[in-house]
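Chemist: Right, I'll just put the structure down here and ask away after.
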Amino acid sequence: MTARDAIPALNIDTERLHADISAQWDDDIVPQLIEYVKIPAKSPGFDHDWASHGHLDAAIEQARAWVAAQDVAGLTLEVIRIDGRTPVLYFDIPATGGLDAERTVLCYGHLDKQPEMVGWRPGLGPWIPVYEDGKLYGRGSADDGYAVFAALSAIMALDRQGIARPHCVGLIETCEESGSYDLPAYLDALAPRMGNVQLVVALDSGAGNYDQMWVTTSLRGLVNGTLTVNVLTEGVHSGDAGGVVPSSFRVARQLLDRIDDSRTGVVRPAAFNCEIPAERITQAKHAAEILGESMWQRFPWDSCCDDGGKFVFVQPVTKDPVELILNRTWRAALAVTGASGLPDIESAGNVQRPYTALKLSLRLPPLVDAPTAAAKLKQTLEAETPYSAHVTFNYEQSATGWNAPATAPWLASLLETASQTCYGKPAAFLGEGGTIPFMGMLGVKFPDAQMLVTGVLGPKSNAHGPNEFLHVPYAKKLTAAVAMVLAGVR
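FYI, the numbering for the sequence shown is 5 to 494, going by our numbering.
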């Protein structure tokens with residue numbers, strides 16, 4: 005960016021904006037995130053003893069100390085705790101330039117993390133920060149430790165130039181990866197202090213590429229639970245029982261076929277599907293024109309040699325980028341994410357196992373009510389079981405998805421200007437396949453607010469998986485883009 009990129013309507017020197025933000029990222033934010041990666045602050049759904057372990061408290065204290073050290077006029081800051089619930093960090097920064105003190109922008113992020121996951125390449129690990137080639141590897145920096153730092157950096161960059169901006173509050177939780185089940189209590193307590201929320205900025209989403217600003221238009225919902233199939237009270241000799249005792253794994257396979265077609269992956273029951281709005285189909289077509297084959301090429305496909313010695317890669321379910329976008333944003337998908345009752349291969353004997361348990365993750369279209377879907381999933385799996393096997397499905401988490409309200413013209417204009425200025429390309433709009441329960445809660449609490457859901461989780465960043473990374477150059481530009489949007493809120 006150059007000085008001639010200054011935006012007269014906002015009176016922003018964009019060259020200085022980018023330089024200030026870039027320097028803060030290099031000198032301060034990246035070192036902070038390196039320390040944050042080291043903290044095994046697993047979400048309470050994955051660390052039931054989180055309170056005694058203290059890792060969530062350590063993460064929130066690190067963020068609190070950093071925010072408190074920033075030179076922001078009028079900043080108030082506190083860690084809020086409700087008995088028995090994970091803590092939140094809340095900050096409040098008054099408006100500048102004579103703007104209405106009650107018209108508020110709410111900045112959202114979270115500090116809890118997904119569990120370790122296997123498969124990290126040598127030298128990397130979930131709690132081992134490695135910064136190379138502009139990428140910070142390790143669990144949580146991109147999902148979503150950077151959010152609180154980026155939000156404050158955007159605000160401070162505007163204040164250094166004396167640019168008028170609205171009243172800003174921040175809500176940083178520590179329960180998002182477990183479905184944000186603690187958040188409603190904090191929202192009820194804090195909403196009266198937030199004022200008239202005009203815009204929610206949630207920095208916890210994805211990016212189709214690293215070339216432009218990506219705005220999330222929808223999020224899928226989720227049901228997580230454990231399917232358990234019991235056929236025996238103890239293991240027995242497979243030679244004795246084979247052909248007599250039904251395999252618990254085979255029964256589980258039959259039950260899963262009630263949910264999705266094992267050949268195509270299509271989720272069958274109508275209760276888990278919805279009609280896709282025409283606007284979202286149009287946006288998917290536009291995004292497909294931008295992303296093309298990268299929609300499937302960005303994944304780490306395995307390969308093998310065929311009979312002729314040629315490498316053959318695993319294929320996606322389709323190579324049509326429009327269908328792939330709709331599949332991952334507006335259609336249900338079932339995944340088996342864990343299992344028990346299966347011994348390690350090295351210790352697996354000739355034994356007919358007494359049970360099989362599978363951890364299921366059912367992604368739901370944005371307009372499907374998750375609690376209703378969870379009850380339907382339980383009913384579908386437990387009814388009239390093969391061989392009268394003892395089957396239970398216990399769901400631990402259900403979170404309804406989110407469909408963004410229509411983008412107001414003023415916000416659409418700001419997004420386009422910010423993306424063109426910071427990236428040199430237009431803003432792009434895309435649904436995401438993940439779940440941010442907070443957005444649905446905010447839609448209920450602040451029905452008139454505009455929503456800017458965006459983030460840094462671009463190709464190969466691999467949130468939740470091994471080798472997760474934060475793309476720092478992209479994050480710098482996104483911080484500047486968010487600053488420009490904040491400067492335009494009136």
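Every residue gets a Cβ at the ideal spot worked out from N, C-alpha and C, and that includes glycine.
Taking only runs that begin and end inside the stretch 104–139, name each unbroken beta strand (DSSP E) of 3 or more residues, in chain order.
Modeler: Counting only runs of 3 or more, we get 107–114, 134–136.
Chemist: Does the stretch 199–212 touch the stretch 444–463, meaning 3 or more C-beta pairs lie closer than 8 Å?
Modeler: Short answer: they touch.
Chemist: Give me the residue from 78, 70, 218, 118 with the minimum Cα distance to residue 456.
Modeler: Closest option to residue 456, Cα to Cα, is 218.
Chemist: Taking just the CA atoms, how far does residue 355 sit from residue 406?
Modeler: Approximately 46 Å, taken between the alpha carbons.
Chemist: Which residue wins for smallest C-alpha separation from residue 76, given the options 19, 63, 173?
Modeler: It is 173.
Chemist: Going by C-alpha distance, which of 158, 344, 90 is nearest residue 109?
Modeler: Answer by Cα proximity: 158.
Chemist: Around the Cβ of residue 8, are there at least 16 other Cβ atoms within 10 angstroms (buried) or fewer (exposed)?
Modeler: The predicted model places residue 8 with a pLDDT of 35, which falls under 50 and marks its position as unreliable, so this point remains unresolved.
Chemist: Only counting the same chain, and skipping five residues up and downstream in sequence, which positions put a Cβ closer than 7 Å to that of residue 135?
Modeler: For residue 135, where only same-chain residues beyond five positions count, the Cβ hits under 7 Å are 34, 38.
Chemist: Please go through the stretch 289–363 and give each complete alpha helix (DSSP H) segment of 4 or more residues, from N-terminal end onward.
Modeler: As far as the stretch 289–363 is concerned, its whole alpha helix (DSSP H) runs of at least 4 residues are 298–301, 325–334.
Chemist: Within 10 Å of its beta-carbon, does residue 12 have 16 or more other beta-carbons around it, so buried, or fewer, so exposed?
Modeler: For residue 12, the predicted model reports a pLDDT of 44, less than 50, meaning its position is unreliable and no value from the coordinates is stated.
Chemist: Could you round the C-beta distance between residue 317 and residue 305 to whole angstroms and report it? I think they count as a contact, below 8 Å.
Modeler: Right, their Cβ atoms sit about 5 Å apart.
Chemist: Let's test the definition: count the other Cβ atoms within 10 Å of the Cβ of residue 267 and tell me whether it reaches 16, buried, or not, exposed.
Modeler: Result: exposed.
Chemist: Less than 8 Å between the CB atoms is what I'm expecting for residue 504 and residue 423, so what's the real figure, rounded?
Modeler: Since the first and last residues shown for the chain are 5 and 494, residue 504 lies out of range.
Chemist: Is the beta carbon of residue 364 closer than 8 Å to that of residue 231?
Modeler: In this structure, residue 364 lies closer than 8 Å to residue 231 by Cβ.
Chemist: Work out the CA separation of residue 361 and residue 89 for me, nearest whole Å.
Modeler: Looking at the two C-alpha atoms, the distance is approximately 29 Å.
Chemist: Could you spell out the range, first to last residue, of the alpha helix (DSSP H) harbouring residue 155?
Modeler: Note, residue 155: alpha helix (DSSP H), 150–164.
Chemist: Helix, strand or coil for residue 484, going by three-state DSSP, please let me know.
Modeler: Reduced to three states, the DSSP call for residue 484 is helix.
Chemist: So, for residue 53: in the same chain, excluding its five sequence neighbours on each side, which residues have a beta-carbon less than 7 Å away from its beta-carbon?
Modeler: Cβ neighbours of residue 53 beyond the five flanking positions: none.
Chemist: Please work out which residues of its chain come closer than 6 Å, Cβ to Cβ, to residue 436, disregarding the five sequence neighbours upstream and downstream, and give them in chain order.
Modeler: Once the five neighbours on either side are set aside, the close Cβ partners of residue 436 are 209, 210, 220, 223.
Chemist: Given a cut-off of 8 Å on the beta-carbon distance, is the pair residue 338 and residue 366 in contact?
Modeler: It is a contact, given that the beta carbons lie within the stated cut-off.
Chemist: Using a Cβ-Cβ cut-off of 6 Å (strictly less than) and excluding sequence neighbours within five positions of residue 441, which residues of its own chain qualify?
Modeler: Taken in chain order, the residues that qualify are 183, 184, 403.
Chemist: I'd like the span of the beta strand (DSSP E) that includes residue 473, first residue to last.
Modeler: Its beta strand (DSSP E) spans residues 473–475.
Chemist: Can you give the Cα-Cα distance for residue 29 and residue 46, rounded to whole angstroms?
Modeler: Each residue's Cα considered, the two are about 25 Å apart.
Chemist: Could you tell me if residue 311 is buried or exposed, where buried requires 16 or more neighbouring beta carbons within 10 angstroms of its beta carbon?
Modeler: Exposed: under 16 other Cβ atoms inside 10 Å.
Chemist: In the DSSP assignment, find the beta strand (DSSP E) that holds residue 454 and state where it starts and stops.
Modeler: From DSSP, the beta strand (DSSP E) with residue 454 extends over 454–458.
Chemist: Alpha carbon to alpha carbon, what distance is there between residue 464 and residue 121?
Modeler: Straight-line Cα distance between these residues: approximately 16 Å.
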